[in-house]
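Per the UniProt record's numbering, the very first residue in the sequence shown carries number 1; after that it's consecutive. Note that CB positions come from ideal geometry on N, CA and C, so glycine has one too. A quick note: this is a predicted structure, and the numbers were derived from the prediction, not measured. Below: the structure, in structure tokens.
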Amino acid sequence: MGTNAATETAKQDRDIDTLRRFVNLSDYPVDKRPSGEQESHVYWETVERVRNQLRGDGCALLSNFIKSDVIDLLREESEELAPEAFYSDNNVNPYVTKDDPSLPEDHPIRFFQHYTNGFVARDLIPDDAIIKRLYQNPYFMRFIADCLEEPVIYEFSDPIAGLVINVMPDDTELPWHFDTNEFIVSLMTRRPQEGGEFQYCPNIREPGNENFDAVREVLQGNHDRVESLTLNTGDLQLFKGRYSMHRVASAKGQRLCTLLGYSKTPDMMGSLEHTRKIYGRVTQQHIDAENQRRQDNLMG
Ligand SMILES: O=C(O)CCC(=O)C(=O)O
Ligand SMILES: [Fe+2]
């Protein structure tokens, strides 16, 4: 075996080891993707279950994704990193864009809410953290891509936003917003004592159609189209957050949720404005990418 092949094999062993140690493989056989002819297989049955949830309302819950014997470790790891969070202390509209005083006062673009949560950025999370090992794991990524019906997904090239811990101190909430990225993978790493539900409006907007009237109604307190989800520590969630406005309800006790950002292209980078607002800093990579604008005619 040549040196490269040996290195590759060692990496595969490490990647499989990560799955065996941390993932509940009996319920989620992430390591068993069949190659070649086999059609009906436990791997694809699992993927199909997730796909059905996503096709329904853009959200899928994978309960007990993390093995029960490492839940405490997962929680402690996030608790230790939580003090590194940056708190933006910003007023932000659902699109994380500037105010437009030419619009009527009740327009969603003019609806500013206070962000009281913080984020631990990717570059502050050690390489051997469970969440980072999972984030970069090619089998895990392959599984997520299959669930999303995407041929391939990439880690964000964004050195700050790719993998973050959302830190919500006692009695805080994360207000209504759309995500920059089309989909997000979340891993609950510390369920709060009470509250902190994930609330979302399935597909309230779509490419080319902001649907401002419906968004305004939700912002004004009409929850007719709002779904609510409670995650336990170790649960994984897949969510299409660019189309479904969402928020995290106020919680009693600290809530820690790790957000694993992947994209369809290898060049995903947050905008300067968004990154500065949410993380308090930008990198040269963010500045260089600023001119690459999106094609979907949606804000944020
Ligand atoms: O913490 C969560 O469950 C979701 C957070 C979120 O929506 C975000 O940070 O964009
Ligand atoms: Fe979000």
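Taking 8 angstroms as the cut-off, the beta carbon of residue 117 is found no closer than this to the beta carbon of residue 188.
By the CB criterion at 8 angstroms, residue 184 and residue 275 fall outside the cutoff. Take residue 81, set aside five residues on each side of it, and the residues of its chain with a beta-carbon closer than 8 angstroms to its own are 120, 124, 125, 129 and 165, in chain order. Ligand 2 has no heavy atom closer than 7 angstroms to the beta-carbon of residue 107. With a cutoff of 7 angstroms, residue 241 counts as near ligand 1, since its C-beta is closer than that to a heavy atom of the ligand.
Taking the CA atoms as reference points, residue 28 sits about 7 angstroms from residue 46. Check the Cα spacing between residue 84 and each of 90, 44, 122 and 16: the tightest is with 122. Taking a C-beta distance under 8 angstroms as the contact criterion, residue 57 and residue 139 do not qualify as a contact pair. Annotation: the continuous beta strand (DSSP E) that includes residue 118 extends over 118-120. In the DSSP annotation of this structure, the continuous segment of the alpha helix (DSSP H) that includes residue 286 starts and ends at 284-289. Positions of the beta strand (DSSP E) runs, each at least 3 residues long and wholly inside the UniProt domain "Fe2OG dioxygenase" (159-266), are given as 163-168, 174-177, 184-190, 198-201, 227-229, 236-239, 245-248 and 255-260 in order along the chain. Note: residue 140 is not bridge-paired with any residue in the DSSP secondary-structure output. The C-beta distance from residue 245 to residue 97 rounds to 14 angstroms, too long to meet the 8 angstroms contact threshold. Note on residue 241: 16 or more other CB atoms within 10 angstroms of its CB, so buried under the neighbour-count rule.
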